[in-house]
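The structure appears below as structure tokens.
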Amino acid sequence: MPSAPPPIHTPSVRAPSVRAPSVRAPSVRGPPARTPRHPPSTRAPPPPKGRPARCATPNPPQDPPPIAETRFASLSGTGYHTPVDHFFVRNHTVTPVMDAADWTLTVRGDGLVHDRTVEFSLDDLKRLPAVTRTAFVECAGNGRSLFTSQQGETVSGTAWMLGAIGTARWTGVRLADVLRRAGLGAHAVDVMPRGLDPDYVTADGTGLGQVRRPLPLSKALDDVLLAYEMNGEPLPYDHGHPVRVVVPSWAGIASIKWVGDIEVSAQPLYSPWNTDFYRLFGDAYPEGGSAPLTRQTVKSAWELDWGASLDATGHRLTGRSWSGAGGVVRVDVSTDDGTTWRRARLHDAPRRAGWVRWSTDWRPPAPGGYVLLARATDAAGRTQPDITTPNTQGYLFDAIVRHLVNVA
Numbered sequence: 050m051p052s053a054p055p056p057i058h059t060p061s062v063r064a065p066s067v068r069a070p071s072v073r074a075p076s077v078r079g080p081p082a083r084t085p086r087h088p089p090s091t092r093a094p095p096p097p098k099g100r101p102a103r104c105a106t107p108n109p110p111q112d113p114p115p116i117a118e119t120r121f122a123s124l125s126g127t128g129y130h131t132p133v134d135h136f137f138v139r140n141h142t143v144t145p146v147m148d149a150a151d152w153t154l155t156v157r158g159d160g161l162v163h164d165r166t167v168e169f170s171l172d173d174l175k176r177l178p179a180v181t182r183t184a185f186v187e188c189a190g191n192g193r194s195l196f197t198s199q200q201g202e203t204v205s206g207t208a209w210m211l212g213a214i215g216t217a218r219w220t221g222v223r224l225a226d227v228l229r230r231a232g233l234g235a236h237a238v239d240v241m242p243r244g245l246d247p248d249y250v251t252a253d254g255t256g257l258g259q260v261r262r263p264l265p266l267s268k269a270l271d272d273v274l275l276a277y278e279m280n281g282e283p284l285p286y287d288h289g290h291p292v293r294v295v296v297p298s299w300a301g302i303a304s305i306k307w308v309g310d311i312e313v314s315a316q317p318l319y320s321p322w323n324t325d326f327y328r329l330f331g332d333a334y335p336e337g338g339s340a341p342l343t344r345q346t347v348k349s350a351w352e353l354d355w356g357a358s359l360d361a362t363g364h365r366l367t368g369r370s371w372s373g374a375g376g377v378v379r380v381d382v383s384t385d386d387g388t389t390w391r392r393a394r395l396h397d398a399p400r401r402a403g404w405v406r407w408s409t410d411w412r413p414p415a416p417g418g419y420v421l422l423a424r425a426t427d428a429a430g431r432t433q434p435d436i437t438t439p440n441t442q443g444y445l446f447d448a449i450v451r452h453l454v455n456v457a
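With positions in the sequence shown counted from 1, the corresponding number in the working numbering is that position plus 49.
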């Protein structure tokens, strides 16, 4: 790998683009009366290659956005990285199908020197030093249904169990390298990627434009990638082909798919996805909501179907745990609904932005129903609580999950 970025073949520099999205002022209210869950009633196209099928549960056919949840039981024995056909899908609108040869990335804004605009082709990006990072991408609403089933809370949004996460090997270029090549200015503070998927329209007909969400410059220059490969292959359509943003450890909304525009600003930036959504609202939070969501919480999942049937012989039970604050260093498990606990065996070293696989041996003492529990602790000292403080949009569930199984 060269010590300095090689030259890009003449990226164009021109006046600021007129196709930039509008930027709205910060919201100081709670979530809208009707939380937008679905875009306009446009039918989705046939599933492009790479969408989970036999290993995921798709949304009902009347829901246009491609949404599919990974079955954790299907991950047993698949290795560390989630196979593409097992990887969850969460799109806000229909999946755009683009030719990589025609794709361009526009980087613009008053956070660049001379307020200029620079365009990069995919070939331009590939002339920069390539970087491969393993990182999970997880929807902020992962585990949302458990607010209701475990805690009796009413929340809005897609009713995920725990399968709105996947860990992949992402290859691309550092966002920092692209920003510097574009001419990053000394006064830049925020960077806002925008996707090329269709405009998002709420259930009440309010148009919010294309999905976009700002990052502070410090994060953008840290570990963020513009990825064009996933597990060694070009990105599938549902996962952002030809190029997507990957923001390790942060809520999945930050990892914008089909990125086509990046605004670099000398002032803080706002969008509906960091004002009305992806903040915490509810009785435990300020009237205007929490700060915009960033890092993910600590979670654990058993590699078993919900309500799995097991025989009364010995079993090697497996699972995975992860956290956005640091690698998981310890997992404790219980097979008797928390009466007794023991340490699980960890099969991976703690890894920032990754998960650890673990296992425990169990011989059920008798037939009947059992509640399995797993409790992870990360390198920052965070441990899964018994209860998650509720919020109206069901984000960041991190409580210990009650996993029921039946022994015959």
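For every residue, glycine included, the Cβ atom is placed at its ideal position computed from N, Cα and C.
Which term fits residue i, buried or exposed, when burial requires 16 or more other beta carbons within 10 angstroms of its beta carbon?
i: ASP410; result: exposed
i: ASP381; result: buried
i: ASN140; result: buried
i: PRO413; result: buried
i: HIS135; result: buried
i: SER267; result: exposed
i: PRO75; result: Because the pLDDT of PRO75 is 29, which lies under 50, any placement of that residue in the model is unreliable, and the number read from its coordinates should be weighed accordingly. Exposed is the call here.
i: HIS236; result: exposed
i: ALA393; result: buried
i: ALA300; result: buried
i: GLY363; result: exposed
i: SER314; result: buried
i: PRO101; result: For PRO101, the pLDDT reaches just 35, beneath the cut-off of 50, and the residue's location in the model is therefore unreliable, leaving the point undetermined.
i: ASP447; result: buried
i: GLY206; result: buried
i: GLU336; result: exposed
i: GLU282; result: exposed
i: LYS306; result: buried
i: ALA398; result: exposed
Starting from residue i and walking both ways along the alpha helix (DSSP H), at which residues does that stretch end?
i: ARG406; result: From DSSP, ARG406 is part of no alpha helix (DSSP H) but of the beta strand (DSSP E) over 404 to 411.
i: ARG193; result: 193 to 198
Rounded to the nearest angstrom, what separates residue i and residue j at their Cα positions?
i: TYR129; j: HIS396; result: 10 Å
i: ILE449; j: ALA213; result: 17 Å
i: LEU242; j: THR119; result: The question names Leu, but residue 242 is Pro in the sequence shown. Distance between the alpha carbons of PRO242 and THR119 is about 26 Å.
i: ALA179; j: GLY256; result: 37 Å
i: THR437; j: PHE196; result: 8 Å
i: ARG146; j: THR388; result: The residue you asked about is not Arg; residue 146 is Val in the sequence shown. Near 52 Å, if we compare the C-alpha coordinates of THR388 and VAL146.
i: TYR249; j: PRO321; result: 10 Å
i: GLY190; j: GLY331; result: 15 Å
i: ARG369; j: HIS163; result: 48 Å
i: SER198; j: SER170; result: 47 Å
i: GLY443; j: PHE137; result: 18 Å
i: GLN316; j: SER123; result: 45 Å
i: ALA252; j: LEU211; result: 26 Å
i: VAL227; j: ALA361; result: 57 Å
i: ARG406; j: GLY254; result: 44 Å
i: GLY418; j: SER372; result: 30 Å
i: THR346; j: LEU445; result: 6 Å
i: PRO114; j: ALA415; result: 45 Å
i: GLN433; j: GLY192; result: 13 Å
i: ARG491; j: THR441; result: The structure shown has nothing for residue 491, since the chain only spans 50 to 457.
What is the DSSP secondary structure of residue i, reduced to helix, strand or coil?
i: PHE121; result: helix
i: VAL382; result: strand
i: ILE311; result: strand
i: HIS452; result: strand
i: ARG229; result: helix
i: GLY417; result: strand
i: TYR319; result: coil
i: ILE116; result: strand
i: PRO439; result: coil
i: VAL204; result: coil
i: GLY377; result: First, the residue type needs correcting, since residue 377 is Val and not Gly in the sequence shown. In the structure shown, VAL377 sits in a strand (DSSP, three-state: E or B).
i: VAL238; result: coil
i: ASP427; result: strand
i: TYR327; result: coil
Identify the continuous beta strand (DSSP E) that holds residue i and give its terminal residues.
i: LYS348; result: 348 to 351
i: LEU274; result: 274 to 279
i: ALA357; result: 357 to 359
i: ARG293; result: 293 to 295
i: ALA189; result: Taken as a continuous stretch (DSSP letters only), ALA189 belongs to no beta strand (DSSP E), as it is neither H nor E.
i: ASP172; result: Not the beta strand (DSSP E): ASP172 falls in the alpha helix (DSSP H), residues 171 to 175.
i: LEU366; result: 364 to 371
i: LEU266; result: Premise fails: LEU266 lies in the alpha helix (DSSP H), 266 to 269, not in any beta strand (DSSP E).
i: TRP219; result: 214 to 223
Anyone know if the C-beta pair for residue i and residue j falls short of 8 Å?
i: SER304; j: VAL204; result: no
i: TRP209; j: THR181; result: no
i: GLY221; j: TYR277; result: yes
i: ALA184; j: GLY403; result: yes
i: VAL240; j: LEU274; result: no
i: ARG401; j: GLY376; result: yes
i: THR144; j: TYR286; result: yes
i: SER358; j: ALA423; result: no
i: GLY244; j: ARG229; result: no
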